[in-house]
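J.: Sharing a structure, written as structure tokens. Questions coming.
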Amino acid sequence: MFGEHELKTQFIKIGEKKVHIVEEKGDVFKYRRDDVEVMFKGAGNKLEILPAPATGYGVKLLMIDFGESVVVPPGEKMEFFLSAPVEVDVRLGDVTIDHFNLSREKYALYGTPEVGAIARYWRSRLYISEPNETGVVKVHINNGSKRWWELDHLVIYLKDTVMYYSEERAYYPLIIVEFKTGVPEINNTGDPPKEGLKPTKEPLPLPNFVMRW
């Protein structure tokens with residue numbers, strides 16, 4: 239699914255989606271998905287199918303609702319996993335020839351109508367071990383405060399984030415939630431959540447995001 243694919247006549251299944259590569263004459267190929275069709279010269283290249291963050295219509299935030307709560311005592315740490323929406327980039331050389339979603343797009347208001355922002359919305363259950371989902375987020379909570387904390391959703395800053403992937407799965411960078419004062423700080427570390435994954439671009443840490451709501 240994710241990674242490089244030889245240029246030859248074949249179907250490639252990506253989640254519930256399917257793309258078709260057709261070899262024509264003279265090292266010319268056609269790429270097809272639904273109503274998208276692109277003709278290109280092979281020239282010894284490979285087609286790359288890579289995960290992309292779920293920015294949808296250009297939003298910068300992903301809000302994941304747990305549907306249940308996580309409670310962390312003072313001075314304790316905790317790890318868990320979430321499922322997450324993923325988009326797909328299809329690249330040939332330096333050109334993105336297709337981009338699409340693997341799931342239905344949903345959006346929600348993060349914050350208040352006066353000062354809030356539109357976020358991509360997703361609902362996930364909590365997992366103790368890595369789930370068998372196309373998109374995965376690993377979350378590490380560090381409660382460095384002297385009070386108990388409860389968390390029932392997570393907001394991740396997406397702009398310019400790297401993604402990681404194996405052949406069958408896409409991963410957001412490791413997310414660290416720090417409880418120090420009155421509001422949690424969310425750190426998109428830019429680091430892979432485990433060893434053996436490939437990055438979609440040069441990994442860079444993003445500024446901490448203060449989750450006020």
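Each residue of the sequence shown is one higher than the last, beginning at 239 in the numbering used here. For every residue, glycine included, the Cβ atom is placed at its ideal position computed from N, Cα and C. Given the structure is predicted, the values throughout are model-derived calculations rather than measurements.
Under 7 Å: does the beta carbon of Asn339 sit that close to some heavy atom of the ligand FMN?
T.: You won't find the ligand FMN in this model; it holds no ligand whatsoever.
J.: Which class does Ala292 belong to by DSSP, given the choice of helix, strand or coil?
T.: What you label residue 292 is simply residue 54 of the sequence shown in a count that begins at 1. Ala292 falls in the coil class under three-state DSSP.
J.: Helix, strand or coil for Ala408 per DSSP?
T.: Taking the sequence shown and counting its residues from 1, one reaches residue 408 at position 170. Strand at Ala408.
J.: Spell out whether any CB of chain C is found under 8 Å from the CB atom of Asp390.
T.: Looking for chain C here will not work: only one protein chain is present.
J.: On a Cα-Cα basis, can you pick out the residue from Glu314, His391, Ile414 and Pro431 that is closest to Asn381?
T.: In the sequence shown, the residue the question calls residue 381 occupies position 143. Comparing Cα positions, the closest option is Glu314.
J.: In this structure, how does DSSP classify Pro445 when only helix, strand and coil are distinguished?
T.: Within the sequence shown, the letter at position 207 stands for residue 445. Residue state, collapsed to three classes: coil.
J.: In whole angstroms, what is the alpha-carbon distance linking Pro441 and Val393?
T.: Mapped onto the sequence shown, residue 441 falls at position 203. Mapped onto the sequence shown, residue 393 falls at position 155. Distance between the alpha carbons of Pro441 and Val393 is about 20 Å.
J.: Tell me which residue opens and which closes the beta strand (DSSP E) that Ala281 is part of.
T.: Taking the sequence shown and counting its residues from 1, one reaches residue 281 at position 43. No beta strand (DSSP E) holds Ala281; DSSP gives it neither H nor E.
J.: Give the straight-line distance between the Cα atoms of Trp360 and Ser404, rounded to the nearest whole angstrom.
T.: In the sequence shown, residue 360 corresponds to position 122, counting from 1. In the sequence shown, residue 404 corresponds to position 166, counting from 1. Straight-line Cα distance between these residues: approximately 22 Å.
J.: Go through its chain and collect everything with a Cβ distance to Val448's Cβ below 7 Å, but skip five positions before and after it.
T.: Taking the sequence shown and counting its residues from 1, one reaches residue 448 at position 210. Around Val448: Val421 and Glu423.
J.: If you compare alpha carbons, which of Leu364, Val377, Phe240 and Val374 is closest to Glu306?
T.: The residue you call residue 306 lines up with position 68 of the sequence shown. Measuring from the Cα of Glu306, the nearest candidate turns out to be Leu364.
J.: Shortest alpha-carbon distance to Met301 belongs to which of Ser321, Pro311 and Val308?
T.: Counted from its first residue, the sequence shown places residue 301 at position 63. Among Ser321, Pro311 and Val308, the Cα nearest to that of Met301 belongs to Ser321.
J.: Could you pull the DSSP bridge partners for Val415 from this structure?
T.: Position 177 of the sequence shown holds residue 415. Per DSSP, Ile379 and Ile424.
J.: Between which residues of its own chain and Pro312 is the CB-CB distance below 8 Å, once the five residues before and five after are set aside?
T.: Your numbering for residue 312 matches position 74 in the sequence shown. Counting only Cβ-Cβ distances below 8 Å, and skipping sequence neighbours, we find Asn381, Ser383, Lys384, Arg385 and Trp386.
J.: Could you check what DSSP says for Val374 in three-state terms: helix, strand or coil?
T.: By 1-based counting over the sequence shown, the position of residue 374 is 136. Val374: strand per DSSP, three-state reduction.
J.: Would you call Leu347 buried or exposed, if buried means 16 or more other Cβ atoms sit within 10 Å of its Cβ?
T.: Here residue 347 is taken as the residue at index 109 of the sequence shown, counted from 1. Under a 10 Å Cβ-count criterion, Leu347 is classified as exposed, with fewer than 16 other Cβ atoms of the shown protein chains found around its own Cβ.
J.: Candidates Pro411, Lys268, Glu254 and Asn370: which alpha carbon is nearest Arg291's?
T.: Taking the sequence shown and counting its residues from 1, one reaches residue 291 at position 53. The question names Arg, but residue 291 is Pro in the sequence shown. Answer by Cα proximity: Pro411.
J.: Quick check on the DSSP output: the beta strand (DSSP E) that includes Lys251 runs from which residue to which?
T.: Here the question's residue 251 lines up with position 13 in the sequence shown. Note, Lys251: beta strand (DSSP E), Gln248 to Ile252.
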